[in-house]
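Numbering (our numbering), first residue to last: 31 to 415. Glycine included, C-beta positions come from ideal geometry on N, C-alpha and C. It should be emphasised that the depicted structure is a prediction, and the values quoted were computed from it without experimental measurement. Notes to accompany the following structure.
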Ligand SMILES: [Zn+2]
């Protein structure tokens, strides 16, 4: 009798294990926002080597069953003089292409949604590019079109500061959302099939972008304000608007964005931390040591908080409108416990199984929603030629 009870207790666990193994065999794990390229450029960081710092390299991508990544190209407006924004973006994009070429046996540059699926099927890793901030295009639609030719598949309208196109969430309102110029830019992006990214911009700017864009938009790395009420996260009505236009919210893994208590400590210490970092210049090891020390002041945040954000958006909008946008290598080491780098994505698969999600929904959340939005942007652009 006791053995029978034990077997009855065990069987659902085994069934779930079977699902987990099956899913991990061929699931496409696709992250919408990872900032590694600047390390390739500034530090000679090599993707082929396994590292004990930063959050992405090829060995850890393989361990985490990762299939595709949209790498972020950026130059923070406050770190570079305006005349350097465009050349810096071009340099970093070149560093990414060169690194993909150096690892051609394991990684391939993806130029569209079909490419992502084909490369994943072939067993290689798909690398894509995105641009973080409209300030990087020298105010020129032609420059943006050239970025598209070089493989850039989405652009965030604004970064930490306002620009000619849109208000940033972390700046004082200037245009009351998206400017007239920004509206024309969104139309141009729709025509070239480049996805409009609404992370970082003000809530009003997101609503404007959704209204103007004829193709689905994404929030490439934004979490939910209902779970962690901090400025960088999105309120429910904004999330719903993105979903209504067919878009996806890609949840940011930054520990300070997942939990309000962690954010409070992070913000309180940030000016001091940034001043210390500035003082050591390009001594990257010391920069990382400072980042680690300040991260230690923050309360730990479990990867389960991340699952709460995913679950919140999935319940609010349905499972077609949530995806992953970790912001790895852009979070200064402030990662959740249990989700320290790209080798850990499988814990999300297990977590979603345990939360009752179907295999189909898990596949959508982990990658296929993002592929769908890419495809819809490509198809609508073809219809506009
Ligand atoms: Zn960002």
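Going by C-alpha to C-alpha distance, which of the options sits closest to residue i?
{"i": "residue 378", "options": "321, 348, 335", "result": "335"}
{"i": "residue 279", "options": "313, 322, 356, 331", "result": "356"}
{"i": "residue 60", "options": "381, 209, 373, 383", "result": "373"}
{"i": "residue 142", "options": "99, 304, 367, 341", "result": "99"}
{"i": "residue 113", "options": "169, 151, 65", "result": "169"}
{"i": "residue 312", "options": "88, 342, 71", "result": "71"}
{"i": "residue 78", "options": "128, 388, 56, 58", "result": "128"}
{"i": "residue 304", "options": "131, 318, 294", "result": "318"}
{"i": "residue 51", "options": "90, 85, 95, 75", "result": "95"}
{"i": "residue 165", "options": "152, 116, 92, 58", "result": "116"}
{"i": "residue 347", "options": "213, 177, 395", "result": "395"}
{"i": "residue 385", "options": "369, 368, 411, 344", "result": "344"}
{"i": "residue 57", "options": "83, 144, 153, 110", "result": "153"}
{"i": "residue 83", "options": "132, 365, 300", "result": "365"}
{"i": "residue 5", "options": "175, 314, 107", "result": "An answer regarding residue 5 cannot be provided, because it is not within the stretch 31 to 415 covered by the chain."}
{"i": "residue 151", "options": "48, 97, 105, 412", "result": "97"}
{"i": "residue 273", "options": "246, 293, 299, 415", "result": "246"}
{"i": "residue 138", "options": "325, 109, 111, 181", "result": "181"}
{"i": "residue 107", "options": "205, 176, 200, 293", "result": "200"}
{"i": "residue 323", "options": "339, 340, 300", "result": "300"}
{"i": "residue 268", "options": "237, 160, 177", "result": "237"}
{"i": "residue 149", "options": "206, 401, 109, 270", "result": "401"}
{"i": "residue 387", "options": "340, 206, 286", "result": "340"}
{"i": "residue 177", "options": "48, 144, 206, 120", "result": "120"}
Should residue i and residue j be called a contact, given that it needs their Cβ atoms to be closer than 8 Å?
{"i": "residue 158", "j": "residue 183", "result": "yes"}
{"i": "residue 232", "j": "residue 197", "result": "yes"}
{"i": "residue 54", "j": "residue 376", "result": "yes"}
{"i": "residue 403", "j": "residue 248", "result": "yes"}
{"i": "residue 162", "j": "residue 103", "result": "yes"}
{"i": "residue 222", "j": "residue 185", "result": "no"}
{"i": "residue 260", "j": "residue 290", "result": "yes"}
{"i": "residue 101", "j": "residue 126", "result": "yes"}
{"i": "residue 211", "j": "residue 235", "result": "no"}
{"i": "residue 310", "j": "residue 367", "result": "no"}
{"i": "residue 86", "j": "residue 371", "result": "yes"}
{"i": "residue 263", "j": "residue 253", "result": "yes"}
{"i": "residue 381", "j": "residue 321", "result": "no"}
{"i": "residue 399", "j": "residue 225", "result": "no"}
{"i": "residue 173", "j": "residue 213", "result": "no"}
{"i": "residue 288", "j": "residue 258", "result": "yes"}
{"i": "residue 187", "j": "residue 124", "result": "no"}
{"i": "residue 134", "j": "residue 118", "result": "no"}
{"i": "residue 329", "j": "residue 391", "result": "no"}
Hey, residue i and residue j are a contact pair by Cβ (cut 8 Å); roughly how many whole angstroms apart?
{"i": "residue 284", "j": "residue 361", "result": "4 Å"}
{"i": "residue 122", "j": "residue 67", "result": "5 Å"}
{"i": "residue 140", "j": "residue 354", "result": "The pair is not a contact, with the Cβ atoms about 16 Å apart (cut-off 8 Å)."}
{"i": "residue 351", "j": "residue 277", "result": "7 Å"}
{"i": "residue 80", "j": "residue 89", "result": "4 Å"}
{"i": "residue 239", "j": "residue 216", "result": "6 Å"}
{"i": "residue 295", "j": "residue 327", "result": "6 Å"}
{"i": "residue 244", "j": "residue 410", "result": "6 Å"}
{"i": "residue 167", "j": "residue 358", "result": "Actually they are not in contact, since the Cβ atoms of residue 167 and residue 358 sit about 25 Å apart, beyond 8 Å."}
{"i": "residue 383", "j": "residue 46", "result": "6 Å"}
Within the 8 Å Cβ cut-off, does residue i reach chain C?
{"i": "residue 228", "result": "Included in the structure is just one protein chain, with no chain C present."}
Please specify which runs of the alpha helix (DSSP H), each continuous and at least 4 residues long, are wholly inside the stretch 166-243, giving them in chain order.
171-179, 210-222, 233-242
Every unbroken alpha helix (DSSP H) inside the stretch 271-301 [4 residues or more]:
285-288
Segments assigned alpha helix (DSSP H), at least 4 residues, entirely inside the stretch 354-410
376-384, 389-393
Starting from the N-terminal side, write out each stretch of the beta strand (DSSP E) that is 3 residues or longer and does not extend beyond the stretch 127-161.
137-139
In chain order, which alpha helix (DSSP H) runs of at least 4 residues are fully inside the stretch 79-125?
88-93
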